[in-house]
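Chains as they are written, first to last, in our numbering: chain A, 232 to 769; chain B, 232 to 769.
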């Protein structure tokens with residue numbers, strides 16, 4: 232079934248009375264919800280008159296805030312007033328002094344002990360069960376590459392595979408070249424090189440690729456195939472080939488090496504890739520979807536192009552859905568280190584064990600040091616668009632971002648590029664860059680991606696379906712064929728967080744089953760795999 | 232004219248007597264030139280019998296070398312023997328202890344004062360003269376992108392431009408989306424962020440794009456269009472539009488912003504890109520090649536997948552050609568910091584002024600510190616393929632790499648991502664990564680690229696033609712439709728360095744004129760733009 236518009240483009244916004252949204256009782260600011268903002272002089276429901284024009288998503292002071300006093304949103308100080316701010320004023324970023332990051336010592340550890348939520352049973356989707364027990368939501372032939380050198384040849388071959396082979400294998404959804412910039416010209420023995428190497432390894436093992444691992448290698452590169460995928464890191468799918476090669480089965484990685492003496496001329500390289508691809512396509516084509524429990528979902532949640540509504544509409548709806556998924560026994564990853572750093576105390580408190588809390592602190596400390604090496608800190612995160620959308624600084628942005636994680640206990644932590652090993656809610660430590668986060672969540676084994684956006688982005692991945700959630704109805708209307716869900720209805724007052732959360736949950740099962748495509752899939756919008764390589768290039 | 236095979240595939244290697252190549256009189260090792268290497272017991276021309284089998288490209292000891300004594304190649308110690316090495320032994324990497332990098336103090340500065348070489352006049356090519364005086368070798372519409380977010384939409388638009396618009400503009404060679412991973416999710420105010428930002432800016436101004444600058448922006452990204460291309464960094468090509476906008480002409484950057492309110496639906500974004508593209512295509516299509524002097528060539532030289540022959544055949548031929556180009560008044564850039572670091576004394580000696588020498592030392596010192604931050608050093612450079620090809624370590628590799636720079640005085644130095652401002656021989660400081668080096672040389676304004684390879688790589692760029700030179704005839708035979716020049720004839724004894732250098736010079740004029748295509752162009756083999764971003768991501 233094709234995607235349906237999140238909001239029909241013709242459905243204009245109704246004229247509405249002035250509307251502000253306050254997150255917690257003790258907050259002394261609220262954000263303006265109305266499209267286009269509100270002019271100076273507007274009288275709010277409680278009788279407060281605006282002293283300034285306040286743009287949509289931006290904050291208005293609900294009370295007089297004296298210079299040096301905290302500006303409270305989400306119940307916490309997102310900054311301190313640099314001068315007296317009278318009630319009714321526009322509280323923009325230049326009026327706020329951002330607090331320092333909370334230290335990583337003396338944090339509350341595993342102090343929040345929510346009652347075990349009721350299991351959520353009976354929800355299923357139609358997925359591709361893999362030999363290792365994982366489940367794919369798509370049936371894709373991936374061509375792993377050891378190095379950027381082979382990208383041109385592989386791309387040439389992929390175009391031919393798409394034109395000549397895919398039509399013969401109608402049960403295969405696509406062929407994807409896992410192009411990347413790594414593999415040579417990099418300090419591959421540097422301590423931090425472990426990150427990009429394991430990322431590439433684990434991407435090639437993503438459940439949407441059906442356990443078929445096919446590698447194109449140049450030959451002389453630093454990232455040799457056996458270093459990328461050492462024996463034991465993958466399993467052979469074809470039982471006949473296991474029987475053929477006997478005890479060495481695990482070493483039988485399928486590699487097309489361009490520098491092999493057997494290759495005479497460019498076309499012989501291309502033909503080798505096509506020949507090997509066809510072996511894998513034949514096996515992938517024999518697979519069929521089967522009914523599996525919702526617990527087989529491995530969902531990565533992310534936000535990008537955020538605005539002040541992200542933390543009010545889309546992210547809370549995703550958080551509600553995260554709780555549903557955890558209750559259903561599924562796996563959910565939240566990420567974006569700089570966008571949760573300022574909520575570290577909330578996260579360590581929600582850790583299921585002290586070990587989980589320590590692992591989170593370890594990842595945050597590593598990232599603090601990494602940023603410091605480059606002479607910046609977490610405040611490097613916010614964008615011009617964030618600020619235009621009302622987010623004054625990274626503290627305010629983080630408070631809105633972190634709610635995607637819902638309320639379940641955090642039971643796991645992944646370092647960048649690691650593969651997910653457990654169900655439940657995991658903090659997958661990644662940079663906040665949309666592409667690096669998506670790449671690392673793909674490596675972790677994500678089979679479905681949820682992406683919220685306030686400013687709007689046409690983000691998509693080739694390997695995993697991406698459900699995009701708009702934070703505002705205005706965006707959902709204009710980008711009616713790019714946004715899959717409109718959470719702006721929450722700010723409009725026409726839907727609740729719970730309703731949108733359930734809508735998203737059901738859409739996830741539909742998309743995972745292949746019954747529905749996302750808009751990014753419909754238009755084939757694919758962003759690049761972007762590796763996190765904290766080590767030097769050479 | 233289509234490319235012609237560097238060496239016809241059917242032309243088998245003639246049976247040859249044992250052949251070794253010694254670079255300088257004082258060397259105590261030579262490399263084996265024969266395809267397949269030489270077996271133990273082989274008696275060389277001077278009567279020395281091999282004690283071991285020595286693979287092709289690998290070193291044989293010409294005399295007894297006592298433990299601790301220097302192993303000399305290119306007249307310098309590439310290492311010290313870790314144990315006694317009898318004459319006739321295979322001198323492999325495990326027998327060598329690599330020397331420490333030479334310090335950056337007390338270097339000879341501008342001590343080499345070669346007689347001014349005779350000008351080389353009368354050579355021309357057919358190029359596209361740009362408004363700023365630069366000359367393009369191709370006539371390409373480039374679509375600059377501020378951020379990876381827009382890559383999927385731009386790619387969709389480019390496919391339509393290629394199918395629907397390009398056929399109407401037959402004098403335009405191609406349309407290229409300048410996709411990259413930068414623009415957001417990065418510490419854009421970090422001190423080192425200057426490198427990727429100016430790289431992207433200068434790539435969009437490459438002479439092969441005819442001065443037509445067209446930008447696709449998301450809207451909320453950190454790298455805003457006016458930050459990427461501030462007023463004054465580019466000039467308007469269309470004089471009518473200058474007249475229209477009057478004094479603000481320079482601010483009139485052509486930007487398609489996906490988040491613009493005017494865009495309703497995905498197709499409206501695509502249509503905006505097509506509409507703007509057509510304006511530029513019409514202007515590009517009106518251009519014609521004209522005869523220009525060879526001094527308008529801006530050549531970047533690079534090597535990748537090097538072997539022991541690189542420094543014996545292809546790189547010396549490129550070096551000879553570099554001297555021809557400099558004599559003709561052209562611009563030549565050599566790069567790859569870790570691959571010239573061990574020859575820093577040669578480079579500072581060849582600097583035309585103390586300022587040039589100091590700039591080289593500054594760039595090397597910066598890179599030393601950059602590698603040290605990642606807890607590696609220059610030795611992280613060599614690859615498994617280098618070693619298999621006979622290069623024991625980075626010292627030996629560097630001695631072979633540096634000869635691409637020929638013998639002319641070094642008159643300029645560029646920091647990574649800077650645009651070339653002067654003719655003659657310039658050290659463009661870049662990492663040695665093939666893709667990062669090519670990307671930075673493209674930013675510097677390269678209009679022709681020369682790439683030597685011993686192990687073999689199908690390297691290509693979308694923006695600039697790449698002439699690939701094989702170091703060995705065996706590679707040139709097998710990769711007959713990927714290699715443009717066979718410098719292996721030098722080792723075979725069927726051509727001299729000078730002959731191959733002149734062959735390359737004439738081929739460059741033909742390729743620059745569009746009379747000949749390179750093999751990478753013929754197959755449309757394009758590697759990614761890979762930015763050098765020493766700053767953190769967020």
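Here a beta-carbon is modelled for each residue, glycine too, at the ideal position from N, C-alpha and C.
Alpha-carbon to alpha-carbon, residue 648 of chain A and residue 659 of chain B: 34 Å
Nearest to residue 646 of chain A by alpha carbon, out of A/595, A/684 and A/465? A/595
Could you tell me which uninterrupted alpha helix (DSSP H) segments, each at least 4 residues in length, are contained entirely in the segment 686-748 of chain A, listed from first to last along the chain? 704-709, 719-723 and 728-743
Proximity below 8 Å, CB of residue 446 of chain B to CB of residue 465 of chain B: no
Taking contact to mean at least 3 C-beta pairs separated by less than 8 Å, is the segment 395-406 of chain B in contact with the segment 610-618 of chain B? no
Measuring only the C-alpha atoms, how far is residue 377 of chain B from residue 277 of chain A? The C-alpha of residue 277 of chain A is placed about 44 Å away from the C-alpha of residue 377 of chain B.
Among A/643, A/542 and A/635, which one has its Cα closest to the Cα of residue 588 of chain A? A/643
Below 8 Å between beta carbons: does that hold for residue 612 of chain A and residue 592 of chain A? no
Counting beta carbon pairs with one atom in the segment 684-698 of chain A and one in the segment 744-753 of chain A, are three or more of them shorter than 8 Å? Touching, yes, given that three or more Cβ pairs across the two stretches are closer than 8 Å.
Would DSSP call residue 618 of chain B helix, strand or coil? DSSP, read as helix, strand or coil, puts residue 618 of chain B in helix.
Taking the CB atoms as reference points, tell me whether residue 703 of chain B and residue 719 of chain B lie closer together than 8 Å. yes
Quick one: residues in its chain with C-beta nearer than 6 Å to the C-beta of residue 582 of chain B, no 5 flanking neighbours on either side, listed in chain order? 341, 588 and 641
List in chain order: all unbroken alpha helix (DSSP H) runs of 4+ residues lying wholly within the segment 272-351 of chain A. none
Contacts of residue 599 of chain A in chain B (Cβ-Cβ under 9 Å): Ordered by position in chain B, no residue passes the 9 Å Cβ test against residue 599 of chain A, which lies about 11 Å from the chain.
What residue from B/524, B/755, B/572 and B/609 has the CA that sits closest to residue 560 of chain B's CA? B/524
Are there 16 or more other CB atoms within 10 angstroms of the CB of residue 254 of chain B, so buried, or fewer, so exposed? buried
Whole-angstrom distance between residue 557 of chain A and residue 666 of chain A, CA atom to CA atom: 25 Å
Does residue 482 of chain B get closer than 8 Å to chain A when you measure Cβ to Cβ? Confidence at residue 482 of chain B is low in this model, with a pLDDT of 49, below 50, so the placement of that residue should be treated as unreliable; the coordinate-derived value is given next. It does not; no Cβ of chain A falls within 8 Å.
Are residue 679 of chain B and residue 699 of chain B closer than 8 Å when you measure CB to CB? no
Please confirm if the segment 525-537 of chain A is in contact with the segment 408-422 of chain A, defined as three or more CB-CB distances below 8 Å between the two stretches. no
Starting from the N-terminal side, write out each stretch of the beta strand (DSSP E) that is 3 residues or longer and does not extend beyond the segment 438-462 of chain B. 445-448
Is residue 314 of chain B buried or exposed, if buried means 16 or more other CB atoms sit within 10 Å of its CB? exposed
Is the number of C-beta pairs between the segment 315-333 of chain A and the segment 630-638 of chain A that are closer than 8 Å three or more? no
By Cβ distance below 6 Å, which residues in the same chain neighbour residue 744 of chain B in space, the five residues on each side in sequence not counted? Here residue 744 of chain B has 356 and 357 as same chain residues with Cβ atoms under 6 Å from its own Cβ, once five neighbours each way along the sequence are excluded.
Measuring CB atoms only, is the segment 279-287 of chain A touching the segment 297-314 of chain A, in the sense that at least three cross pairs come out at less than 8 Å? no
Should residue 502 of chain A be flagged as near chain B, meaning a C-beta pair shorter than 8 Å? no
Please classify residue 586 of chain A as buried or exposed, where buried requires at least 16 neighbouring CB atoms within 10 angstroms. So residue 586 of chain A ends up on the exposed side.
Is the segment 449-456 of chain A close to the segment 373-387 of chain A, with three or more CB pairs under 8 Å? yes
Should residue 319 of chain A and residue 767 of chain B be called a contact, given that it needs their Cβ atoms to be closer than 8 Å? No. Outside cutoff.
I need the straight-line Cα distance from residue 269 of chain A to residue 539 of chain A, nearest angstrom please. 15 Å
Count the other CB atoms within 10 Å of the CB of residue 670 of chain B; is the residue buried (16 or more) or exposed (fewer)? buried
If you check the beta carbons only, do residue 674 of chain B and residue 430 of chain B fall under 8 Å apart? yes
Output needed in chain order: residues of the segment 379-395 of chain A with a Cβ under 9 Å from some Cβ in chain B. 379, 380, 381, 382, 383, 384, 386 and 387
What separation, rounded to the nearest whole angstrom, lies between the Cα atoms of residue 519 of chain B and residue 737 of chain B? Using only the alpha carbons, I get a separation of about 22 Å.
Sorted by chain position, which residues of the same chain lie with C-beta nearer than 7 Å to residue 344 of chain B's C-beta, five sequence neighbours on each side aside? none
Give the secondary structure of residue 359 of chain B by DSSP, where H, G and I count as helix, E and B as strand, and everything else as coil. Residue state, collapsed to three classes: strand.
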